[in-house]
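Reviewing the structure listed below.
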């Protein structure tokens, strides 16, 4: 199976899994770092409009967040990975804990393999509609200088590597340790 088909299959599988659960892990609005923080992840699948709309929970969350239906287009949602790459996390049957859904505003163009910065959302609370995990910019395009962003540590045999970009420390990003490591920029 070629890579484009694998990515499309992964997207369909992930959307189907979320739709099938009675209480879906709606990761378009949650993360393991504080809401409002910035984090970097790598795009592994790009959803078509039909896939987004057919997932009632995801579509309802997007509309509730103030996005109009006409702005829900091919590429409005991407699947990203936040951990890389050895063992099961590199396979289609990988654990889904390292995947996140991100809303992509129409003005931002992302491609498979790109590293993107996103603002972390949160689930609804106190009667509001929550906040979507939203792409803020592309920080490294697939094929860019490999020294600008990479999976850290640079040991490909490790399973729990996180996205790292050379500019992070200078821009106030911090490293979270523990069971959910991440580089992120705290809310100011």
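In my numbering, the protein residues as written are 1 to 188.
Don't be surprised by glycine CBs; every beta carbon is placed ideally from N, CA and C.
These figures come from a predicted structure and were not determined experimentally.
| Item | Value |
| --- | --- |
| Let's test the definition: count the other Cβ atoms within 10 Å of the Cβ of residue 154 and tell me whether it reaches 16, buried, or not, exposed. | exposed |
| Given that a residue counts as buried once 16 or more other Cβ atoms are within 10 Å of its Cβ, and exposed if not, what is residue 117? | buried |
| Identify the continuous beta strand (DSSP E) that holds residue 135 and give its terminal residues. | 134-140 |
| Residue 135: which of 42, 85, 161, 33 sits nearest, CA to CA? | 42 |
| Exposed or buried, which one is residue 69 when buried takes at least 16 other CB atoms within 10 Å? | exposed |
| Quick check: residue 115 and residue 163, are their CB atoms within less than 8 Å of each other? | yes |
| Rounding to the nearest angstrom, what Cα-Cα distance links residue 178 and residue 84 in this structure? | 16 Å |
| Could you check what DSSP says for residue 52 in three-state terms: helix, strand or coil? | helix |
| Identify every residue that forms a DSSP beta bridge with residue 116. | 41, 138 |
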